[in-house]
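Counting in this note's numbering, the sequence shown runs from 261 upward without gaps.
Heads up, the beta-carbon is just placed ideally off N, CA and C, and yes, glycines get one too.
Read the structure below first, then the notes.
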Amino acid sequence: MPIRFQVDPDFYDHPKTTGMSDAAFSLWVRAGSFSAAKLTDGFVSEDVLVHTLRSNVEVAEELVARGLWRRTRGGFRYHQWGDRNLTKERVENDRASDRQRKRSSRAKAKAQGDSGFVRPDAERTPAGIPPESEGNPDGIRALSVSVSVSVSGSGQARPPARCPRHIDDPYPPNCGGCAEARRAAEAFDSTAGTRRALISEAIAEARADPRQRCRHGVEAGLFIHPDTGKSATCAHCRRAQEAS
Numbered sequence: 261m262p263i264r265f266q267v268d269p270d271f272y273d274h275p276k277t278t279g280m281s282d283a284a285f286s287l288w289v290r291a292g293s294f295s296a297a298k299l300t301d302g303f304v305s306e307d308v309l310v311h312t313l314r315s316n317v318e319v320a321e322e323l324v325a326r327g328l329w330r331r332t333r334g335g336f337r338y339h340q341w342g343d344r345n346l347t348k349e350r351v352e353n354d355r356a357s358d359r360q361r362k363r364s365s366r367a368k369a370k371a372q373g374d375s376g377f378v379r380p381d382a383e384r385t386p387a388g389i390p391p392e393s394e395g396n397p398d399g400i401r402a403l404s405v406s407v408s409v410s411v412s413g414s415g416q417a418r419p420p421a422r423c424p425r426h427i428d429d430p431y432p433p434n435c436g437g438c439a440e441a442r443r444a445a446e447a448f449d450s451t452a453g454t455r456r457a458l459i460s461e462a463i464a465e466a467r468a469d470p471r472q473r474c475r476h477g478v479e480a481g482l483f484i485h486p487d488t489g490k491s492a493t494c495a496h497c498r499r500a501q502e503a504s
């Protein structure tokens with residue numbers, strides 16, 4: 261999820277910055293980048309100010325005097341951080357929702373793969389674009405969905421879950437193009453042909469979790485799929501996966 265420190269386009273000549281020193285400008289930008297990356301909600305401790313940002317209290321007090329920062333216990337805090345930037349709570353909630361969505365998608369794909377059910381594509385073309393209709397006689401959407409991610413072994417590529425206009429936007433607005441792109445991506449994920457790719461993706465994601473090491477213990481440093489309990493690099497797991 262891209263997390264950015266927001267800088268207003270008129271910050272360079274805002275009344276609060278008129279006559280401000282270069283050191284204060286530099287500190288404001290660098291500290292904002294630090295806070296966004298570390299999810300401190302705009303808080304900058306005195307220790308970080310001196311040792312990480314290589315500045316000093318005098319420069320910080322200039323930002324306080326100009327109303328850009330305020331003094332707080334143990335350091336300083338940006339004025340109205342949450343009005344312009346993502347908060348730690350928002351980021352963590354979004355990440356949790358994204359993990360849950362991925363788990364649900366994998367579970368759905370696994371269940372449909374085990375039952376041999378494949379979602380019909382009668383109402384869609386292979387690219388995931390609706391066919392011609394009375395309301396759209398040429399079958400052309402204002403925003404087409406391009407293919408950007410290749411899935412090894414599936415013979416097809418997964419369409420992105422957002423429209424081209426919002427492809428890099430972590431918090432897109434309500435958008436018909438994004439809704440259509442998401443439905444196309446979900447349809448692709450639900451097919452049996454993507455099951456192996458989803459398992460491989462889940463194994464890669466599990467590598468950061470030491471609780472998900474291969475239960476056989478015969479090859480060091482291997483990890484298991486959180487749902488299937490199988491590792492792509494363990495001989496025992498590979499045989500079990502091929503037999504299933």
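On a CA-only basis, which of GLY436, ARG425, THR278 is nearest LEU328? Give me that one, please.
-> THR278
Selected residue, minimal CA-CA separation from ARG333, among SER365, ALA325, SER305 | Minimum Cα distance to ARG333 is reached at SER305.
Do you know offhand how far ALA320's Cα is from LYS276's?
-> 14 Å
Nearest-angstrom Cα separation, counted from GLU352 out to LYS362 = 15 Å
Do MET280 and ARG314 have their C-beta atoms closer together than 8 Å?
-> no
Simplified DSSP assignment, three categories, for ALA421 = coil
Cβ of ASP307 within 8 Å of Cβ of THR347?
-> no
Once you ignore the five residues that flank ARG331 on each side, which residues in its own chain have a CB closer than 7 Å to its CB?
-> VAL324
Would you list the residues sitting across from GLY335 in a DSSP beta bridge?
-> SER305, THR332
Out of ALA444, PHE265, PRO420, LEU287, state which residue places its alpha-carbon closest to the alpha-carbon of PHE336.
-> LEU287
VAL289 lies in the alpha helix (DSSP H); which residues open and close that run?
-> 282-298
Return helix, strand or coil for TYR272, following the three-state DSSP convention.
-> helix
Roughly how far, in whole angstroms, is the beta-carbon of ALA297 from the beta-carbon of ILE263, given that I think they are within contact range, below 8 Å?
-> 7 Å
Does the distance from the C-beta atom of GLY436 to that of ARG425 stay below 8 Å?
-> no
Helix, strand or coil for GLY510, going by three-state DSSP, please let me know.
-> Not covered by the structure: residue 510. The range shown for the chain is 261 to 504.
Burial state of ALA284, where buried means 16 or more other Cβ atoms lie within 10 Å | buried
Could you round the C-beta distance between ALA421 and ARG442 to whole angstroms and report it? I think they count as a contact, below 8 Å.
-> 5 Å
Relative to the C-alpha of PRO419, which residue among GLY342, SER450, ASP270 is closest?
-> SER450
Leaving out five residues on either side along the sequence, give the residues of the same chain with a beta carbon under 7 Å from the beta carbon of THR312.
-> PHE294
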